[in-house]
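Under our numbering, residues -11 to 54 are what the sequence shown spells out, in order.
For every residue, glycine included, the Cβ atom is placed at its ideal position computed from N, Cα and C.
Because the structure is a prediction, the values reported are computed rather than measured.
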Amino acid sequence: LLQELTDKIDSDGHRKRNQRGVATKLRLGGHYDRISSRGENATADYRLFRQRLADEILRMLRVLRG
């Protein structure tokens, strides 16, 4: 099962997104600024989630460093 899932991973995806970003001058904007299935911009909830996640990572790093 692990090999089957690994085979499905597009390891070239990040490079392709980067090339599209260079071509469109968005620099991976589409990779980080999610668009809903209806074509709307990312909701505030998603941005809030990303901020909370980043804050938790920083908090954990501070705890680990003592």
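| query | result |
| --- | --- |
| Asp(-5), enclosing alpha helix (DSSP H) - first and last residue | Leu(-10) to Lys(-4) |
| Backbone CA spacing between Gln7 and Asp0 [nearest angstrom] | 11 Å |
| 8 Å CB neighbourhood of Arg47 in its chain, flanking five on each side removed | none |
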